[in-house]
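So the protein lines, in turn, are chains A and B.
So for the first sequence, full-length UniProt numbering puts the first residue at 1; every next one is plus one.
So for the second sequence, full-length UniProt numbering puts the first residue at 1; every next one is plus one.
Protein chains: 2
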Amino acid sequence: MDEFLTLITQAQKLLHAASDEAMSRHGVRIGQNLILEVLWETDGLTPGEIAARARLPITTPTIVNTATRMEAAGLLTRRRDPNDGRLVRLHLTDRARAAQRPIQEARRDLAEHATATLTDEERHHLRTALTKIIQQLTAEPAESDGESE
Amino acid sequence: MDEFLTLITQAQKLLHAASDEAMSRHGVRIGQNLILEVLWETDGLTPGEIAARARLPITTPTIVNTATRMEAAGLLTRRRDPNDGRLVRLHLTDRARAAQRPIQEARRDLAEHATATLTDEERHHLRTALTKIIQQLTAEPAESDGESE
DNA sequence: CAGAAGTCATTAGCGTGCTAATGAGACCGT
DNA sequence: ACGGTCTCATTAGCACGCTAATGACTTCTG
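Right, here's the structure in full:
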């Protein structure tokens, strides 16, 4: 049953690499995707706000580091908030906005390609199973002694 | 459908973190697992041989770096091959051998816990779906233009 | 209004994994 | 036996993500 860990790790590894490669063709690396998704929706958020809104759990330091690389790549700019000197607001450049559609399409295409050999029913089962696993692991990380309650 | 990428990423992220935490209790970090699995089976292999035998694709430089940390942690020793000066053979210490059973149990428990809310049928479907995805992504990484053959 | 406490982004440091470049050693042909 | 080539491990350098520590700024409190 341990092979289940191997299976999901390998699948995610392949998807990760394929996604990075697909997005790189549009000047975006995979680690930048979570930030872009949030800023495409609402521009000018702070690192902390982005961390809170991201679809996947991500820490603020990771956002700061990634934002630095994105700034160097010309994808966003940093501006201090005039009302609160602690805050830094991240604003997308035109280049980052222009990348939205092709990147979203590329990721959609990748998901479709990866699941191309699955039936609709299998896709549904897969989604159900993954959701259950996430819920189980999110609910209570306890596992060693004391599985009750 | 893009949510599928998010689902599998999050599931793997949670499993990855939980697995690292579980193995850390036995003095082993998650990146060392692939190497240990191979050396538990056959001790004294070279980094290249380990890369070839590992259950998941892994590069030789990653094995070398991880082996350096494992050496510092007292999990293995490096010895030059007497017959071929290019080769370095990695030998597990008693400590690494003693960790085999508890770590394998911890990973099995984790897999069971993660899939505890799934029916046997769902587990079967999940395995099938993941296998198909892996095959699809391994077969031909092509995707943009030219999906044929 | 000052000092304490809270809230931010950021930096430091680690682990993991990759590709590309490097260097040591073996092997092969002449 | 010697030079080129091949085969190794290793190093360099990058991306990504985490926790813990730091520092700047705001806010609350006396």
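For every residue, glycine included, the Cβ atom is placed at its ideal position computed from N, Cα and C.
Three-state secondary structure assigned by DSSP to residue i
i: residue 148 of chain A; result: The predicted model places residue 148 of chain A with a pLDDT of 40, which falls under 50 and marks its position as unreliable, so this point remains unresolved.
i: residue 89 of chain B; result: strand
i: residue 130 of chain B; result: helix
i: residue 75 of chain B; result: coil
i: residue 68 of chain B; result: helix
i: residue 124 of chain A; result: helix
i: residue 227 of chain B; result: It is not possible to answer for residue 227 of chain B, since the shown part of chain B is limited to 1 through 149.
i: residue 139 of chain B; result: helix
i: residue 156 of chain A; result: As displayed, chain A neither begins before 1 nor continues past 149, which places residue 156 of chain A out of reach and without an answer.
i: residue 114 of chain B; result: helix
i: residue 31 of chain A; result: helix
i: residue 119 of chain A; result: coil
i: residue 42 of chain B; result: coil
First and last residue of the uninterrupted alpha helix (DSSP H) at residue i
i: residue 6 of chain B; result: 3 to 24
i: residue 94 of chain A; result: 94 to 98
i: residue 53 of chain B; result: 47 to 53
Opposing strand residues paired with residue i [DSSP bridges]
i: residue 36 of chain A; result: Per DSSP, none; premise fails for residue 36 of chain A.
i: residue 80 of chain A; result: A:88
* **Residues from the region 116 to 143 of chain B in contact with chain A, defined by Cβ distance under 8 Å** => 116, 117, 118, 122, 123, 125, 126, 127, 128, 129, 130, 131, 132, 133, 134, 135, 136, 137, 138, 141, 143
* **Contact set between the region 53 to 81 of chain A and chain B, restricted to residues whose Cβ is under 8 Å from the partner** => 55, 56, 57
* **Contact set between the region 96 to 112 of chain B and chain A, restricted to residues whose Cβ is under 9 Å from the partner** => 104, 106, 107, 108, 109, 110, 111, 112
* Taking Cβ-Cβ distances below 9 Å as the criterion, which residues of the region 3 to 31 of chain A are in contact with chain B? -> 3, 4, 5, 6, 7, 8, 9, 10, 11, 12, 13, 14, 15, 16, 17, 18, 19, 21, 22, 25
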